[in-house]
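Worksheet: one structure, shown below.
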Amino acid sequence: MRSASSRSEPTARRPTPGSSLAAESTNACSMCQWWLTRCELSTHFDISRRLVEFVTLLRRLRRLQPCTPAILLTRTWRGYAEPMSVAERRVHPGLRGILAGPIVGYDLHVDRRAVHFGLPSTTATVILAFDEPLDTGWAAQPERSTPFWRLAAGLHSRPSLVHTHGRQHGVQLALTPLGVRAIFGLPIAELSEGLAHHDELSAGIPAGLHERLADAPEWHERLNLLERWLLARVKNWRADGHRPQARRVPGPHSPGFDSPDLARAWALLTGTRDRVEAVADEIGWSRRQLARRCTQEFGLSPKRLVRVARFERSWRSAASGTPLADVAALAGYADQSHLANEWRELAGRPPLAALGDPFPVRADPVPFLQDATRPHPEPSTS
């Protein structure tokens, strides 16, 4: 993996207070990744005591997930972080099946020692950082991280770790497997279990667009620029003969490849089917053939893909306020202990800690996986 580019990297103007908090309505959320997630509800508001009370009521009614921008901003008001702006752009009709959720822009101040755990999911993550590069690596090796101005990460079955250094500012996309092919021109498997600079990809998001996004004074201008570029890229990709077939497994996460059987396998493995043997039988493939095709296209074996999808379902349920015992049963875990063990490995923290604070401080008494045997120094702020 190459180091960050030595060129002059983009800087961003500070958004205008108030107007920069404007956000657009979104579809139902997918799940929390990196530091912000897609959301069910998005609105234009100022942080106030009345908002905190209103959002608390909505949470009790299970109308908001704990990781939505509304919840995150009320947490920042309570002292978790200092909010600057959060904006979302719902998925354009021309990008359905390409994006797994809205485009999210964020600008947050947090404790300089705060970190963020990037959770495994069934989507690829694209992050364009402003002001400072994203300092990230893997939770199992917290002392090893790499700065990224333009990050692409595929499916992974371990938590990543972002060192915030007190500021998080940028734009995030969640791509379906089809979206990775359309935007980057490669299967999502080539990004599996890794973190890549866009300069390493044959067709990454160009540096010129990144600079224009960073220089735009308002969030709506940034989101317009990025959306137009994505639409043009997808239009050109489809013009080259990559239009999905009409008869295909429906759903925003369907790969939409030339093989309907592969799309069917994806839908079953990331749905509610936990038995790989049953999926292979339903498609008419051998287990070996299913494993080979899934690994080639998605980068994860069928068993690992099922595991990540089950964790993703459990996260959604737990984030909506469902008791963990019920979450374990609904998601297909043997019991709550099984769920807790899976979360410690995949989320990097126990369930309650993972759900409680998106930006834990490294001095947090709740042990991280990597802190189980020895303490680690605070991350460098240089």
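Each residue of the sequence shown is one higher than the last, beginning at 1 in the UniProt record's numbering. Cβ coordinates follow ideal geometry from the N, Cα and C atoms, glycine included. Predicted model, so just to flag it, every value in this text is computed and none were measured.
- Counting along the chain, the unbroken beta strand (DSSP E) around Val115 starts and ends at Val115 to Gly118.
- Taking C-beta atoms under 8 Å as the contact rule, Ser314 and Ala331 qualify, at a distance of about 4 Å.
- Positions of the beta strand (DSSP E) runs, each at least 3 residues long and wholly inside the segment 169-203, are given as 195-197 in order along the chain.
- In its chain, beyond the 5 residues on either side, Ala318, Leu324, Leu339, Ala340 and Trp343 have a beta carbon closer than 8 Å to the beta carbon of Pro351.
- Listed in chain order, the non-local C-beta contacts of Leu223 below 6 Å within the same chain comprise Arg89 and Ile103, local neighbours out to five positions each way being set aside.
- Relative to Ala232, the option among Asp357, His92, Val86 and Ala87 whose CA is nearest is His92.
- DSSP places Ser145 within a strand segment (E or B) once states are collapsed to three.
- If you look at Ala153, you'll find it in the beta strand (DSSP E) that goes Arg150 to Ala153.
- Per DSSP, the continuous beta strand (DSSP E) segment holding Ser160 begins and ends at Ser160 to His163.
- Measuring C-alpha to C-alpha distances from Gly94 to each of Lys235, Ala291 and Val327 identifies Lys235 as the nearest.
- By the Cβ neighbour-count rule, Gln172 is buried, with 16 or more other Cβ atoms within 10 Å of its own.
- By alpha-carbon distance to Arg264, the top candidate from Glu282, Arg228 and Ala347 is Glu282.
- Glu277 is classed as exposed because its beta carbon has fewer than 16 other beta carbons within 10 Å across all chains shown.
- Between the beta-carbon of Ala124 and that of Leu155 there is about 7 Å, and that keeps the pair under the 8 Å contact cut.
- Short of 8 Å from the beta carbon of Ala328, and not among the five residues preceding or following it, lie these beta carbons of its own chain, in chain order: Ser314, Ala334, Asp335, Gln336, His338 and Leu339.
- Its Cα nearest to that of Leu191, the residue Leu300 stands out among Leu300, Ala267, Val279 and Arg144.
- Using a C-beta cut-off of 8 Å, the segment 96-111 makes contact with the segment 163-177, since at least three inter-stretch Cβ pairs fall below that distance.
- In the three-state scheme derived from DSSP, where H, G and I count as helix and E and B as strand, Arg362 is classed as coil.
- Of the residues Asp357, Ala353, Ala347 and Val180, the one whose Cα lies closest to the Cα of Leu119 is Ala347.
- For Ala216, there is no enclosing beta strand (DSSP E), as DSSP marks it with neither H nor E.
- In the displayed model, Ile205 falls within coil according to three-state DSSP, outside both helix and strand.
- The three-state secondary structure of Thr125, taken from DSSP, is strand.
- Between the alpha carbons of Ser259 and His210 lies a distance of about 34 Å.
- For the options Asp240, Gln141 and His220, the alpha carbon positioned closest to that of Ala182 is the one of Asp240.
- Tyr106 is bridged by DSSP to Val86 and Gly170.
- Scanning Val361, Arg349, Lys303 and Arg238 for the CA closest to the CA of Ile98 turns up Arg238.
- For Asp135, the number of other beta carbons within 10 angstroms of its own is at least 16, and it is reported as buried.
- No residue range can be given for Thr270, since it is assigned to no alpha helix (DSSP H) and is classified by DSSP as neither H nor E.
- Contact check for Val86 and Thr164: beta-carbon distance about 15 Å, past the 8 Å limit, so the pair fails to qualify.
- The shortest C-alpha to C-alpha distance from Pro133 to any of Val162, Lys303 and Thr122 is the one to Val162.
- Of the residues assessed, Arg96 falls on the exposed side of the cut-off, its CB having fewer than 16 other CB atoms within 10 angstroms.
- One Cα belongs to Ala309, the other to Lys303, and the distance between them is close to 10 Å.
- When the beta-carbon positions are compared, Arg349 and Arg113 stay at least 8 Å from each other.
- Linking Ala214 to Arg228 through their CA atoms gives a straight-line distance of about 16 Å.
- Pro177 counts as buried, since no fewer than 16 other beta carbons sit within 10 angstroms of its beta carbon.
- For Leu134, the uninterrupted beta strand (DSSP E) run begins and ends at Leu134 to Trp138, by DSSP.
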